Amino acid sequence: MSLASQPVKFSNVGCDIPELKGDNFKMWKEKVLLHLGWMDIDYAIRKDEPPIVTNISTEAEIALYEHWERSNGFSVMFIKTKISVGIRGSVDQHTKVRDLLKAIDEQFVTSNKALTSTLIMKFCSTRLDTVRGVREHIMKMRDTAAQLKKLEVEISDSFLVHYILNTLPPQYSPFKISYNTHKDKWSINELMTMCVQEEGRLIMEMGESAMLATQGKNKSQANKKGKGKEKLAPQADIKKDPVCFFCKKKRHVRKDCPKFQKWLEKKGYAKPKETGGK
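Following UniProt numbering, the numbering of the sequence shown begins with 1 at its first residue and continues without gaps.
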């Protein structure tokens, strides 16, 4: 079987390559080149275009040109299917894969600069606000540093360790002091291991504090309820009967007291009774 007749396994083409949209150029290009090589159709990217076939071309020259032409055609089609519609218009006119890749590179030079600025701002503004999630926080910081390295912004491991420590919340302050007074330097992996251990200790400490606070609150509420009951208990179900301040007997008041009425009559304070219905 000649080179030109070897089938391309399009059914096995990796589908995890995202569309080129502007902010993923570096990753996109790496994946595209990897898959073109894996499908064995990257010959036109690696080699210059051979002389065009003429009537005097040998069979070897014809086979070589057909191999290049096949590689070029499939590569161009594959790359264009992985470019978003908004970007494809500026590169559609290219029919040779090298020219196509060069045009895409030139279009995204400024995008790389913008991406670098974005990543730097992201790196400088990332902070861990809570005790939990320190592993994910460190992995995110390390990933951002790795992306900056690909964009030719070098961040040393030593600087990264110190910087990550400074992005941790105040609860980690004793841990940071311990590292600063420690003689040995930690790698990123060692930092992650130690931070995860410290996270576990802090969470356990916070849990015990929360439990003690809850118990104290419940006890205080129980005491308040008990005191309230003691104050209200003597007054419960008490129904006072009226008392006459004249004869000191219950169930009537002074103005209705017969003895008080008689006393008023004796003293001449009582009103005379009307007679004849007048």
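The beta carbon of each residue, even a glycine, is placed where N, CA and C say it ideally should be. All values derive from a computational prediction rather than experimental measurement.
For Trp68, the enclosing alpha helix (DSSP H) starts and ends at Glu59 to Thr81.
In the three-state scheme derived from DSSP, where H, G and I count as helix and E and B as strand, Lys47 is classed as coil. Listed in chain order, the alpha helix (DSSP H) runs fully inside the segment 128-193 are 134-150, 157-166 and 173-180, counting runs of at least 4 residues.
A straight-line Cα-Cα distance of about 13 Å links Tyr172 and Gly133. According to DSSP, Lys250 shares a beta bridge with Val243. Here Leu20 is bridged, per DSSP, to Ile83.
Taking C-beta atoms as the reference points, Val53 and Tyr43 fail to come closer than 7 Å.
In this model, Val153 and Phe159 are separated by some 13 Å (Cα to Cα). By the criterion of at least three beta-carbon pairs nearer than 8 Å, the segment 177-184 is not in contact with the segment 124-140. Straight-line spacing of the CA atoms in Asp48 and Ser75 works out to 14 Å. Under the three-state reduction of DSSP output, Asp40 falls in the coil class, being neither helix nor strand. Separation of Leu151 and Thr118 (C-alpha to C-alpha, rounded to the nearest whole angstrom) is 12 Å. Under the three-state reduction of DSSP output, Thr118 falls in the helix class.
Setting aside the 5 residues that flank it on each side, Lys140 is surrounded in the same chain by Thr126, each with a C-beta closer than 7 Å to its C-beta; the list follows chain order. Distance from the CA atom of Ser84 to the CA atom of Leu100, rounded to whole angstroms, is 14 Å. Measuring C-alpha to C-alpha distances from Asp157 to each of Arg142, Ala114, Leu202 and Met194 identifies Arg142 as the nearest. DSSP places Ile52 outside any alpha helix (DSSP H), giving it a letter other than H or E. Residue environment analysis places Met192 among the buried positions, since at least 16 neighbouring C-beta atoms fall within 10 angstroms of its C-beta. About 6 Å separates the beta carbons of Ile45 and Val97, which is inside the 8 Å limit, making them a contact pair. About 7 Å separates the CB atoms of Phe78 and Leu36; that is less than 8 Å, so the two are in contact.
Taking a 10 Å sphere around the C-beta of Val253, we find fewer than 16 other C-beta atoms and assign the residue as exposed. Shown here, Lys96 sits in coil according to DSSP, grouped into three states, outside any helix or strand. Secondary structure at Phe260: helix, using DSSP grouped into helix, strand and coil.
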